[in-house]
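**Q** One structure coming up, written as structure tokens, with questions to follow.
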Amino acid sequence: MPEIYKNPVKKIIPSKLETGFQQFLYKHAGKYIPKNMTPNQVTLVGALGGLFAVISTLLTWISPLFFIGTIAELFVHLAADDLDGYVARTRGMSSKAGAYFDLITDVLFSTFLIIAFGLSPYANIEIMAFAAPVYGIVNVTAMNYIIYFNEFLFPRLGPIEAHISYAAIAVLSMIFKTKTFFTVFGTGFTIADIIATIGMVPMYYEMIRLEIQLFKRLKAEEK
């Protein structure tokens, strides 16, 4: 069994956009979180935001205007996802269970939202099927960094970049709707498919890079 570290997890965030957004939230929103609210309750708020984002996306079969709900709930999820850690650290309420709850809800949210995009009229499920596993695999890798090295290593393209991509899909899908821009092997690419494909390139690179880096560090530890 790996050694379980007792020291606080070292957070490594290479994305300046992610760092800047977190600091903005901590400064302007952190002080308004009720004193009796626990980190897990903040995480639950984010999880509910993610759930309603998925539901709103599925409802775009009725009208593309439901993407407005997707965008609003994306912000709720993103804000809560950053603030739960802030509450845990500043109030001395950090826990392994809380960290797991945070990571697993992120994985579920991202996976099911991408699937919901694929099931909507505005994207192809074949394209979204390739995008859906990436965030989950990155988070599993992050869990292993925490277990073995007591580090929470974010990818260079972190949660805020992912949420911006999801919001861009929602906004542009309302504008271009189901318009096909080009066809590849019989699959017509909508604006949602194009954004997802462009986003997959750096995310797959980051996923593979982090996995190889973790493997090399673990091999070095064994020597």
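Read left to right, the sequence shown gives residues 293 to 515 (my numbering).
No residue lacks a Cβ here, since even glycine has one placed at the ideal position from N, Cα and C.
#1: Can you give me the Cβ contacts of Pro356 inside the same chain, cut-off strictly under 8 angstroms, excluding the 5 residues immediately before and after it?
#2: Using only alpha-carbon positions, find the residue among Ala371, Ala462, Ala423 that is nearest to Ala321.
#3: Using the C-alpha atoms, what's the distance from Gly384 back to Thr330?
#4: Would you tell me roughly how many angstroms separate the C-alpha atoms of Phe444 and Gln314, rounded to the nearest one?
#5: How is Thr479 classed by DSSP in three states: helix, strand or coil?
#6: So, with DSSP's three-state summary, where would you put Tyr297?
#7: Suppose the cutoff is 6 angstroms on Cβ atoms and the five residues either side in sequence are ignored; what does the same chain contact list for Ser348 look like?
#8: What residue ranges within the region 434–480 form continuous alpha helix (DSSP H) runs of no fewer than 4 residues, ordered along the chain?
#9: Could you check what DSSP says for Ile354 in three-state terms: helix, strand or coil?
#10: Assuming the contact rule is C-beta atoms closer than 8 angstroms, Val581 and Met499 should be a hit. Round their C-beta distance to whole Å, please.
#11: Helix or strand or just coil, what does DSSP make of Lys302?
#12: Using CA atoms only, rank isn't needed, just tell me which of Leu400, Ile487, Lys319 is closest to Ile461.
#13: Return helix, strand or coil for Ser348, following the three-state DSSP convention.
#14: With respect to the alpha helix (DSSP H) encompassing Thr397, which residues constitute its N-terminal and C-terminal limits?
#15: Quick one: give me the first and last residue of the alpha helix (DSSP H) that Arg381 is part of.
#16: According to DSSP, is Asn416 part of a helix, a strand, or is it coil?
**A** If we stick to the structure as given:
#1: Tyr414, Ser465, Met466, Lys469
#2: Ala371
#3: 10 angstroms
#4: 15 angstroms
#5: strand
#6: Below a pLDDT of 50, predicted positions are generally treated as unreliable, and Tyr297, at 43, falls in that range; the measurement from the model is reported next regardless. Taken through DSSP and simplified to helix, strand or coil, Tyr297 comes out as coil.
#7: Answer for Ser348: Phe358, Gly361, Thr362, listed in chain order.
#8: 451–468
#9: Coil at Ile354, not helix or strand.
#10: Outside the displayed range of the chain (293 to 515) lies residue 581, so it cannot be described from this structure.
#11: DSSP places Lys302 in strand when its eight states are reduced to three.
#12: Ile487
#13: helix
#14: 388–411
#15: 359–382
#16: coil
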